[in-house]
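Novice: The following block contains the structure, expressed as structure tokens.
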Amino acid sequence: MNTCIVGVGSYAPEKILDNKYFESIVDTSDEWIRTRSGIVERRQADENTAASDLAIKAANRALIDAKMEAKELDLIIVATATPDMFFPSTACLVQRGIGARAVMSFDIGAGCSGFLYGLAAAESFAKNGYNNILVIGSEILTRITDYEDRSTCVLFGDAAGAFILRKCGEDRGIIASYYGADANSWESLCMPAGGTRMPASMESVKNRMHYLKMEGNEVFKIAVRAMADSAVKTLDKAGIGAEKVSLLITHQANIRIIEATAKRLDISMDRVYINLDRYGNTSAASIPLAFDEALRNGRIKKGDYVLLVAFGAGFTWGGTLIRW
Ligand code: UT7
């Protein structure tokens, strides 16, 4: 038996930050941002909104898509690097927010690969008797973005995306997946303060340590290698070639990373879904957000092979091949 996606939904806040806005706050240009990252605009949640609020909106849309009630869910998993708070988990807050029963609910922290890690967990739970599983990627990255750091502030946005998964036959659903992680270069992408290693203090706030720090160049190189490798290993496990892939949906971090990954797989760009230009990097939300859009735009049809590939802080990576 495979695990199938029976409902998909996403949500992004309405407020748009365009590249012109960044020209007014840091030493940058629309041209630099477009050519170096591929981003044109990104969304920003208002100050009263937390990750669980976006997650609840995406989850409710996925429930409508699946024609299901929240009470029918057996498990809730939220992938996020920007939870509402340390505890309770964002998944528990989502459980209450959507009116689900008192079912197992937990968060996954795997940076931008979190949503695919969530699918791996869902698949495993589905094989162990859990019926309807909600997996969400939700992020409010604009709250941990340093708007004085031009090298990172132009990149990130807020959004959430959700899948509902259930066991199904063998001709569709998750066909194969591959995951990995390597912490040798973890310092290249992290938020140093606010945890138990560097608790919040006057000093940590003054030194701007509660913001995301990234050595973009270093991350870029590792991301290209890891994403291409994840894709190849996932396809190998499925026993199919890249020519069979109808649509490649990668984590949306940088257009040049996406193009390099597609090139290594020999997949032409008309078979690659991109919405990075309109949302920026939304970390764990980026793949379900792009998937939902691709589905609504008719880019995913019955029988299609859709390859999902992610890379994120940790570093973590993974690939998931879905037959729709
Ligand atoms: O989501 C998790 C994984 N994250 C990623 O995969 C992100 C990976 N990294 C990237 O996407 C890219 O590295 C960036 C978009 C972050 C940066 O692009 P880059 O081509 O690697 O630029 P760079 O960091 O090598 O910087 C090149 C130049 C530098 O100036 P000098 O030293 O050559 O004079 C930077 O100071 O561009 C400068 N720069 C900027 N200039 C204008 C950096 N940020 C900006 C900016 N506007 N916003």
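Take any residue in the sequence shown, count from 1 to its spot, add 687: that is its number in the numbering used here. The C-beta atom is built at its ideal place from N, Cα and C for all residues, glycine as well.
(1) Kindly identify the DSSP beta-bridge partner or partners of arginine 730.
(2) With three or more beta-carbon pairs closer than 8 Å as the criterion, would you say the region 728-736 touches the region 788-800?
(3) Return yes when the Cβ of valine 713 is within less than 8 Å of the Cβ of alanine 840, no when it is not.
(4) Could you tell me which residues DSSP pairs with asparagine 968 in its beta bridges?
(5) Which term fits isoleucine 751, buried or exposed, when burial requires 16 or more other beta carbons within 10 angstroms of its beta carbon?
(6) Relative to the ligand UT7, is the shortest distance from any of its heavy atoms to the C-beta of histidine 897 smaller than 7 Å?
(7) Work out the CA separation of serine 724 and aspartate 717 for me, nearest whole Å.
(8) How about serine 872 and phenylalanine 1002: are their beta carbons less than 8 Å apart?
(9) For leucine 952 and isoleucine 827, which I take to be in contact (beta-carbon distance under 8 Å), what is that distance rounded to the nearest angstrom?
(10) By Cβ distance, which residues of its chain are closer than 6 Å to alanine 940, with the 5 residues on each side in sequence left out?
(11) How do the region 811-823 and the region 848-860 stand: do at least 3 beta-carbon pairs fall below 8 Å, yes or no?
(12) So, are the CB atoms of methionine 878 and lysine 900 less than 8 Å apart?
(13) What residue does the beta strand (DSSP E) around serine 933 start on, and which one ends it?
(14) I'd like the span of the beta strand (DSSP E) that includes arginine 1010, first residue to last.
(15) What residues in its chain sit with their C-beta under 6 Å from that of alanine 766, if we drop five residues either side in the sequence?
(16) Which runs of the beta strand (DSSP E), 3 residues or longer, sit entirely within the region 809-885?
(17) Put leucine 963 into one of helix, strand or coil per three-state DSSP.
(18) DSSP state of isoleucine 692, grouped into three classes?
(19) For lysine 950 and alanine 997, what's the separation of their Cα atoms in angstroms?
(20) For lysine 900, which beta-bridge partners are listed by DSSP?
(21) Could you tell me the boundaries of the alpha helix (DSSP H) in which serine 724 lies?
(22) Measure the CB-CB distance between leucine 976 and alanine 699 and report whether it falls below 8 Å.
(23) With a threshold of 7 Å (Cβ to nearest heavy atom), would serine 811 be considered close to the ligand UT7?
(24) Would you decide whether aspartate 771 is buried or exposed? Buried here means 16 or more other CB atoms lie within 10 Å of its CB.
(25) Tell me which same chain residues have a C-beta within less than 8 Å of the C-beta of arginine 837, skipping the five on either side of it?
(26) For valine 932, count neighbouring C-beta atoms within 10 Å of its own C-beta (all shown protein chains included) and say buried if the count is 16 or more, exposed if not.
(27) Quick one: what's got a C-beta closer than 7 Å to glycine 842's C-beta in the same chain, skipping five residues either side?
(28) Can you find a heavy atom of the ligand UT7 that lies under 7 Å from the Cβ of cysteine 799?
(29) Could you give the distance in angstroms between the alpha-carbon of serine 917 and the alpha-carbon of serine 891?
(30) Let me know if serine 811 comes out buried or exposed under the rule of 16 or more other beta-carbons within 10 Å of its beta-carbon.
(31) Quick one: what does DSSP say glycine 999 is sitting in, helix, strand or coil?
Specialist: So, from the data block:
(1) The residue given as residue 730 occupies position 43 in the sequence shown. Partner(s): Ile703.
(2) no
(3) Walking along the sequence shown from the start, residue 840 turns up at place 153. Walking along the sequence shown from the start, residue 713 turns up at place 26. The sequence shown places cysteine at residue 840, not alanine. Result yes, Cβ atoms of cysteine 840 and valine 713 sit closer than 8 Å.
(4) Locating residue 968 in the sequence shown gives position 281, where the first residue counts as 1. Its beta-bridge partners are Phe843.
(5) By 1-based counting over the sequence shown, the position of residue 751 is 64. Counting Cβ neighbours within 10 Å, isoleucine 751 comes out exposed, since fewer than 16 surround it.
(6) For the purposes of this step, residue 897 is taken as the residue at position 210 of the sequence shown. Not under cutoff, so the answer is no.
(7) The residue you call residue 717 lines up with position 30 of the sequence shown. The residue you call residue 724 lines up with position 37 of the sequence shown. So the alpha carbons of these two residues sit roughly 11 Å apart.
(8) Locating residue 872 in the sequence shown gives position 185, where the first residue counts as 1. Locating residue 1002 in the sequence shown gives position 315, where the first residue counts as 1. Yes. Within cutoff.
(9) Position 265 of the sequence shown, counted from the start, is the residue given in the question as residue 952. Position 140 of the sequence shown, counted from the start, is the residue given in the question as residue 827. At roughly 32 Å, the Cβ-Cβ gap does not stay under 8 Å, so leucine 952 and isoleucine 827 are not in contact.
(10) Within the sequence shown, the letter at position 253 stands for residue 940. If we look at alanine 940 and ignore the five residues flanking it on each side, its Cβ neighbours are Asn968.
(11) yes
(12) For the purposes of this step, residue 878 is taken as the residue at position 191 of the sequence shown. For the purposes of this step, residue 900 is taken as the residue at position 213 of the sequence shown. Yes; because the gap between Cβ atoms is below 8 Å, this pair is in contact.
(13) By one-based count along the sequence shown, residue 933 stands at place 246. From DSSP, the beta strand (DSSP E) with serine 933 extends over 932-937.
(14) Here residue 1010 refers to the residue found at position 323 of the sequence shown. Where arginine 1010 is concerned, the enclosing beta strand (DSSP E) stretches over 1003-1010.
(15) Within the sequence shown, residue 766 is the residue found at index 79, counting from 1. Same-chain partners within the cutoff: Ile795, Gly801, Phe802, Gly805, Gly824 and Ala971.
(16) 820-827, 845-855 and 860-868
(17) Here residue 963 refers to the residue found at position 276 of the sequence shown. Reduced to three states, the DSSP call for leucine 963 is helix.
(18) Within the sequence shown, numbered from 1, the residue matching residue 692 stands at position 5. Reduced to three states, the DSSP call for isoleucine 692 is strand.
(19) Taking the first residue of the sequence shown as 1, we reach residue 950 at position 263. Taking the first residue of the sequence shown as 1, we reach residue 997 at position 310. Cα to Cα, lysine 950 sits roughly 16 Å from alanine 997.
(20) Within the sequence shown, numbered from 1, the residue matching residue 900 stands at position 213. Lysine 900 pairs with Cys877.
(21) In the sequence shown, the residue the question calls residue 724 occupies position 37. From DSSP, the alpha helix (DSSP H) with serine 724 extends over 717-724.
(22) Position 289 of the sequence shown, counted from the start, is the residue given in the question as residue 976. Position 12 of the sequence shown, counted from the start, is the residue given in the question as residue 699. In contact: leucine 976 and alanine 699 (Cβ atoms closer than 8 Å).
(23) Residue numbering aside, residue 811 sits at position 124 when the sequence shown is read from its first letter. Outside the cutoff, so no.
(24) Locating residue 771 in the sequence shown gives position 84, counting from the first residue. Buried: at least 16 other Cβ atoms inside 10 Å.
(25) The residue you call residue 837 lines up with position 150 of the sequence shown. Hits under 8 Å: Phe709, Val713, Asp714 and Thr715.
(26) Numbered from 1 along the sequence shown, position 245 holds the residue referred to as residue 932. It counts as buried.
(27) Within the sequence shown, residue 842 is the residue found at index 155, counting from 1. Per the sequence shown, residue 842 should be read as leucine rather than glycine. Correct list, in chain order: Ser724, Ile726, Gly967 and Asn968.
(28) One-based indexing of the sequence shown puts residue 799 at position 112. Yes, the Cβ of cysteine 799 comes within 7 Å of a heavy atom of the ligand UT7.
(29) For the purposes of this step, residue 917 is taken as the residue at position 230 of the sequence shown. For the purposes of this step, residue 891 is taken as the residue at position 204 of the sequence shown. Using only the alpha carbons, I get a separation of about 36 Å.
(30) Here the question's residue 811 lines up with position 124 in the sequence shown. Serine 811 comes out exposed.
(31) Walking along the sequence shown from the start, residue 999 turns up at place 312. Residue state, collapsed to three classes: strand.
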